[in-house]
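Residue numbers (my numbering): 3 to 321.
Ideal placement from N, C-alpha and C gives every residue a C-beta, glycine not left out.
Model, not experiment: these values are computed from the prediction.
Take a look at the structure set out below.
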Ligand code: 1CP
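Right, here's the structure in full:
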């Protein structure tokens, strides 16, 4: 999840005067920011510091990540000519990614590094809307109104995403997570027809790399079975569906990740502990569980709460 920037003073200090996308292109900053939550919280895995928009920037899309807003495009893409400006991603487009991961893997030792990329619907939404969107209206208009243009957009984005993940695994990432954060905006029928074929293709291509593959989206209660059908090893669940119910919606043998509501961390510790217990109990029904929040850390979260939570989950799950 997006986490470091939202909770750590040492992150904010390091980022002072450095734009998000510049930080994502500097191996020294990438490595340091990736390590900060590992040092502070002692989490079991590190998540690579980058952003889902980095590969699009790397192929020349004119975009920025604005503080307090998120990704913003200079020109939204809404037609075939626009879609055709999206060229393929080459490893040489992001040498800083391989360099940073190479260094990190040595520093992390046995602790896994999770690489990641944006899912095709979520990337398409930023490109087509021109920025963050609540209703995804231009994206859906294109999806419903121009299926051929949509198909070409999804094919190009899927190939870019796959290459971004391949570069990370080649450099030493030991797991990958595909964040199709905003697919919860779609009905199951629309997801199946217009997104599933592309995410299935991505997971299929990744299966040859022999690393665990995680798939996550927000508000996906009605889509969990389809996210699982796409073929990941682990399905990330937000806080809206209890894990023992989520188990019944995913394919047999699929592990779950989640799912504490990030807002819980603003309540008293006794509530946090109770909710964490409940998640661990319900997760016993799953074929494997990665304890996590149900979405990213909220901006004003007290780092002391997260520290205590990690310690608590470690105590509860120690064998
Ligand atoms: O924080 C970390 O170290 C993890 C690295 C990470 C990850 C996994 C970042 C850094 N971004 C992401 C993924 C990401 N980016 C997702 C998928 C996961 C999720 O749903 O949280 C999405 C949707 C984005 C797009 C994005 N980038 C947004 C969301 C805007 C919206 O539509 O609401 C924002 C705010 C960003 C900026 C960003 N990326 C990462 C950080 C730490 C930040 C915060 C801004 C900053 O520090 O300047």
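Residue i burial status per 10 Å Cβ neighbour count (16 or more: buried)
i           : result
residue 79  : buried
residue 206 : exposed
residue 230 : buried
residue 59  : buried
residue 355 : Examination of residue 355 is not possible in this model, given that the chain is present from 3 through 321 alone.
residue 137 : exposed
Same chain, Cβ closer than 6 Å to residue i, neighbours up to 5 away in sequence not counted
i           : result
residue 57  : 91, 162, 166
residue 184 : 124, 127
residue 241 : 261, 263, 296
residue 133 : 74
residue 223 : 242, 243
Beta-carbon proximity of residue i to residue j, cut-off 8 Å
i           : j           : result
residue 122 : residue 159 : yes
residue 96  : residue 33  : no
residue 198 : residue 172 : no
residue 299 : residue 5   : yes
residue 315 : residue 278 : yes
residue 251 : residue 227 : yes
residue 48  : residue 36  : yes
residue 239 : residue 216 : no
DSSP three-state assignment for residue i, whether helix, strand or coil
i           : result
residue 215 : strand
residue 96  : coil
residue 70  : coil
residue 22  : helix
residue 75  : strand
residue 138 : coil
residue 1   : Any property of residue 1 remains undetermined from this structure, which presents the chain solely from 3 to 321.
residue 40  : helix
residue 171 : helix
residue 197 : coil
Nonlocal neighbours in the same chain, by C-beta distance under 7 Å from residue i, ignoring five residues either side
i           : result
residue 169 : 93, 96, 99, 100
residue 85  : 79, 151, 154, 155, 158
Bridge partner(s) assigned by DSSP for residue i
i           : result
residue 115 : 48
residue 236 : 216, 257
residue 177 : 116
residue 249 : DSSP, once it has assigned bridges, lists no residue as partnering residue 249.
Within-8 Å CB hit, residue i to chain D
i           : result
residue 189 : Absent here is chain D; the protein component of the structure consists of one chain.
Neighbourhood of residue i by C-beta distance below 8 Å, restricted to the same chain and skipping five residues each side
i           : result
residue 225 : 185, 186, 188, 190, 193, 219
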